[in-house]
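Heads up, the thing below is written out as structure tokens.
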């Protein structure tokens, strides 16, 4: 029999994502932290958005944080505006 | 008589903001560029937002780009989440 190691990102007791590498699990966990921190920030824009939309936007910005950071620095290159390919295959959503 | 120098930020022929210092005018102009570049980026979130909301969000993110950049780096400090005081008095909206 073989023993494999799984790294599971858990939020409020819910298993969010399983990874085979700790590095990826940590990166995903950090990304979820960033998404959480963006929620109050987006709320302050006072655009009358509902909670689900704010969470979706926060998650989207967190997943594309490098592109967004680049745009915020004024690098409005085509590349930053391009949609990124879907998340890496290895991560299996729970 | 006195001669004063005004720096007016113009967009698509519309006078957006008048400044008494070139530096501030350039900064505001750059901020508007950043806001413009964020519009397609926010559209790609596919949250079903209307154009006016996307523009308002883009402008808001551009005006608070330092706080947002800090959050994207994972510095979810209280300071970054705090609303910033209104824009400096000197800038008179057109």
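Chains as they are written, first to last, in the numbering used here: chain A, 1 to 94; chain B, 95 to 188. Beta carbons: idealized from backbone N, C-alpha and C, even for Gly. Just so it is clear, the structure is predicted and the values come from calculations on it, not from any experiment.
Cβ pair residue i, residue j closer than 7 Å
i	j	result
residue 34 of chain A	residue 42 of chain A	no
residue 168 of chain B	residue 30 of chain A	yes
Cutoff 7 Å: residue i Cβ touching any chain E Cβ
i	result
residue 28 of chain A	Any reference to chain E falls outside this structure, whose protein chains are A and B.
Buried or exposed (CB count within 10 angstroms, at least 16 for buried), residue i
i	result
residue 184 of chain B	Reliability of the predicted coordinates at residue 184 of chain B is poor, the pLDDT of 48 falling under 50, and the value obtained from them is presented with this limitation in mind. Flag for residue 184 of chain B reads exposed.
residue 111 of chain B	buried
residue 88 of chain A	At residue 88 of chain A, the pLDDT of 45 sits below 50, so the modelled position is not reliable; the number obtained from the coordinates is stated separately. The residue is exposed, with fewer than 16 neighbouring Cβ atoms inside 10 Å.
residue 11 of chain A	exposed
residue 25 of chain A	buried
residue 65 of chain A	buried
residue 96 of chain B	exposed
Rounded distance between the beta-carbons of residue j and residue i, thought under 8 Å
i	j	result
residue 132 of chain B	residue 47 of chain A	Residue 132 of chain B to residue 47 of chain A, Cβ: 13 Å. No contact.
residue 165 of chain B	residue 155 of chain B	Going by Cβ atoms, the distance from residue 165 of chain B to residue 155 of chain B rounds to 11 Å, so no, they are not a contact pair.
residue 8 of chain A	residue 28 of chain A	Not really, about 10 Å apart at Cβ, beyond 8 Å.
Beta-ladder partner(s) of residue i, from DSSP
i	result
residue 19 of chain A	A:7
Mind listing which residues of the segment 131 to 147 of chain B have their C-beta closer than 7 Å to chain A's C-betas, in chain order?
131, 132, 134, 135, 138, 139, 141, 147
Could you run through the segment 10 to 28 of chain A and flag, in chain order, every residue whose CB is less than 7 Å away from some CB of chain B?
none
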